[in-house]
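Heads up: the sequence shown begins at 308 in my numbering, then just goes up one per residue. Ideal Cβ placement from N, Cα and C applies to all residues, glycine included. Presented below is the structure to which this report refers.
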Amino acid sequence: MKIARRILWNIYAVPITLILLLAEVFAMFHYTNPFVIPCAVLDFCISLPGLIALYLHIWDKQVFHPLVWKIYAFVFLAWDICFNTLIEPRITNESLGWDSLVGFVILIPLYVAVFRYAFRRWDYVENRDF
Numbered sequence: 308m309k310i311a312r313r314i315l316w317n318i319y320a321v322p323i324t325l326i327l328l329l330a331e332v333f334a335m336f337h338y339t340n341p342f343v344i345p346c347a348v349l350d351f352c353i354s355l356p357g358l359i360a361l362y363l364h365i366w367d368k369q370v371f372h373p374l375v376w377k378i379y380a381f382v383f384l385a386w387d388i389c390f391n392t393l394i395e396p397r398i399t400n401e402s403l404g405w406d407s408l409v410g411f412v413i414l415i416p417l418y419v420a421v422f423r424y425a426f427r428r429w430d431y432v433e434n435r436d437f
């Protein structure tokens, strides 16, 4: 069961990692607004731990104190929603469209993985083979 869970999560994790990294690079070179690059770098710095938490969740590895991840999970979700709905459309001069809604839906498993990782009971995970 543990192997099947890891395979399914990896089927999601690998493509979404590539997509998110390519989107950050694309944003830096596609738009002419000088504020795009600092915002894209900030978004990358805030989002990268989310991808790391996704892989830590997949492989059941505990890094840092769980309180750090609990705080980060809420900050990550709030930042991602604010950035994608308020900040990015303003700096790119593109209106919020269906692609933003589709992007949010595609990222729901990432949010779930970050929250599952943040609120995991590690003593229970170590003693259980699922």
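Among ILE413, LEU414, PRO416 and CYS389, which one has its Cα closest to the Cα of LEU403? CYS389
How long is the line joining the alpha carbons of PRO345 and PHE383, rounded to whole angstroms? 18 Å
Can you tell me which of the three DSSP states GLU401 falls into? coil
Measure the C-alpha to C-alpha separation of HIS364 and VAL421 and round it to an integer number of angstroms. 8 Å
Which of the three DSSP states is assigned to VAL412 in this structure? helix
I need the boundaries of the alpha helix (DSSP H) containing PHE381, first residue and last residue. 373 to 389
Roughly how many angstroms lie between the CA atoms of ILE326 and TRP376, to the nearest whole one? 23 Å
Check the C-beta distance from ALA425 over to ALA380 and give it rounded, since I have them as a contact under 8 Å. 4 Å
From which residue to which residue does the alpha helix (DSSP H) around VAL319 run? Residue 319 is actually Tyr in this sequence, not Val. 309 to 337 is the extent of the alpha helix (DSSP H) around TYR319.
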